[in-house]
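Trainee: Each step along the sequence shown adds one to the number in numbering that gives the first Met the number 0, with nothing skipped, and position 7 is 6. Once you've had a glance at the structure underneath, I'll fire off some questions.
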Amino acid sequence: MEILIKKLNAVLRGWANYHRHVVASKAFNRVDTYVYEQLWRMLRRRHPNRTKKWLVPRYWTAAGRKWVFAVRTKYNGKTRVYQVLRVCSIGIKRHIKVRADANPYMPEQARYFWQRRHNKETRWLGALSARQLRAQVA
0 MEILIKKLNA VLRGWANYHR HVVASKAFNR VDTYVYEQLW RMLRRRHPNR
50 TKKWLVPRYW TAAGRKWVFA VRTKYNGKTR VYQVLRVCSI GIKRHIKVRA
100 DANPYMPEQA RYFWQRRHNK ETRWLGALSA RQLRAQVA
């Protein structure tokens, strides 16, 4: 199961990171629902004689939260929890468009591009001060 979860997480993370720059929250919800339904079908086929009361605590509460598909395994005496990534947990980050008339080679528009770069880096780096950012730009 942990191999399945690792491969599924890799595919889900790649797909979500590719589509996170567009309006995709409804699509993310549909993907999460589809993954949940397919995991439920797989478990019903894998454990045909087990009830819902046995399956839910074993697979959907192993991570400590309800309705997160997870599996506990023991490796070298330690318990590890592998959980399926929920695509909705990957934040949607909008792409900021560049002005149509902006030209990075014109000196009068250098301030516009410096502000774009400054705002983007402060969101990413967070800890750098404006003085440090100006020193990097210059």
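Cβ atoms here follow ideal geometry from the backbone N, Cα and C, with glycine treated the same way. On a predicted model such as this, the values are computed, not experimentally measured, just so you know.
What does A69 pair with, by DSSP beta-bridge criteria?
Mentor: The residue given as residue 69 occupies position 70 in the sequence shown. A69 pairs with Q82.
Trainee: Taking R98 as the reference, which of K65, K73, T32, Q108 has the closest Cα?
Mentor: In the sequence shown, counting from the first residue as 1, residue 98 sits at position 99. Among K65, K73, T32, Q108, the Cα nearest to that of R98 belongs to Q108.
Trainee: Could you spell out the range, first to last residue, of the alpha helix (DSSP H) harbouring D31?
Mentor: Position 32 of the sequence shown, counted from the start, is the residue given in the question as residue 31. Its alpha helix (DSSP H) spans residues 24 to 45.
Trainee: Thinking just about the alpha-carbon of each residue, which of R57, Q114, N28 is nearest to the one in L84?
Mentor: As a working mapping, residue 84 is identified with position 85 in the sequence shown. That would be N28, whose Cα lies nearest to the Cα of L84.
Trainee: Count the other CB atoms within 10 Å of the CB of A9; is the residue buried (16 or more) or exposed (fewer)?
Mentor: Taking the first residue of the sequence shown as 1, we reach residue 9 at position 10. Exposed.
Trainee: For K6, does the three-state DSSP call read helix, strand or coil?
Mentor: Position 7 of the sequence shown, counted from the start, is the residue given in the question as residue 6. In this structure, K6 counts as helix in the three-state DSSP scheme.
Trainee: Do S24 and I89 count as a contact pair if the criterion is CB distance below 8 Å?
Mentor: As a position in the sequence shown, residue 89 is number 90, starting the count at 1. As a position in the sequence shown, residue 24 is number 25, starting the count at 1. Against a cut-off of 8 Å, the Cβ pair of S24 and I89 comes out as no contact.
Trainee: I need the DSSP call for Y17, collapsed to helix, strand or coil.
Mentor: Working through the sequence shown from its first residue, we reach residue 17 at position 18. The answer is helix: DSSP assigns Y17 an H, G or I state.
Trainee: For Y81, does the count of other Cβ atoms within 10 angstroms reach 16, so buried, or fall short, so exposed?
Mentor: To locate residue 81, count along the sequence shown from 1; it is residue 82. Buried is the call here.
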